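The structure appears below as structure tokens.
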Amino acid sequence: MGKSYEQIDGRLRAFIEAQPLFFTATAPLDGDGTVNLSPKGLRGSFAVIDELTVAYLDFAGSNAETIAHLRENGRITLMWCAFQGPPNIVRVHGRGEPVFRDDPRWSGLLAHFPDIDPTAHGLRAIIVVRAEKIRDTCGYAVPFMTYDGDRPLHGSRFARETDESLDAYFRKKEHVETSIDGLPGLPLPLPPLPPLPPRASEPDGARVPNP
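Heads up: the sequence shown begins at 678 in the working numbering, then just goes up one per residue.
See below:
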């Protein structure tokens, strides 16, 4: 049934990269704190950096629970399900960190996402995850569902925002600068979005050490 993997490559990597949707789970250290589970979509917003490192783009939204939990303790689990084809569920358990716009690694990491225009989605962080445990399970109970395409609403909503208006938007939201449980979330003021980097398959500085 379940199988463990030493690294993300071959058919495992191909399966992960083919999925249009995945989920992230984080939690605070406080046993009474709020566990967070988030769906992540938009084609091109996830990338395998190397055999043990993955990353995804964190866009503008009404909450920043994942960012807050990672800043506190770094624990994260990512999960992919096969909604078409042979049944399969893949989980990557590891340690993550949010890389913000003013981080020197930003441009190198962003080059791994050539199909996403960061100015159209209010990009606020890049979440980098270093895998500690990689497993798959059967997924026999996961239903068949078809992928019809990404919703255009997120891009159309945030494409009209400037860095200044986006910062004001985040400040108005209750759980962006701090989490539901009062943990530090997205640091504000929001730094300006750096110029877009040149695209390359393995840009200098893209490989990220264990957070």
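Don't be surprised by glycine CBs; every beta carbon is placed ideally from N, CA and C.
The structure displayed is predicted, hence computed values, not measured ones.
Asked	Found
Cβ distance (whole Å) where residue 859 is taken to contact residue 853 below 8 Å	Residue 859 to residue 853, Cβ: 13 Å. No contact.
Length of the line joining the Cα atoms of residue 873 and residue 792	12 Å
Helix, strand or coil at residue 816 according to DSSP, with G and I counted as helix	coil
Rounded straight-line distance, which links the Cα of residue 809 to that of residue 733	17 Å
Uninterrupted alpha helix (DSSP H) stretches inside the stretch 806 to 866 (no shorter than 4 residues)	830 to 835 and 840 to 849
At least 3 beta-carbon pairs within less than 8 Å: the stretch 705 to 716 vs the stretch 820 to 827	no
Beta-carbon proximity of residue 850 to residue 681, cut-off 8 Å	no
Distance CB(residue 766)-CB(residue 814) smaller than 8 Å	yes
Cutoff 6 Å; reference residue 866; Cβ partners in own chain excluding five residues on either side	844
Under the three-state DSSP convention, the category residue 755 falls into	strand
Assigned secondary structure, residue 693 (DSSP; H/G/I helix, E/B strand, else coil)	helix
Outcome for residue 687 when other beta-carbon atoms lying within 10 angstroms are tallied against a minimum of 16	exposed
Whole-number beta carbon distance between residue 774 and residue 751, since they are thought to touch under 8 Å	6 Å
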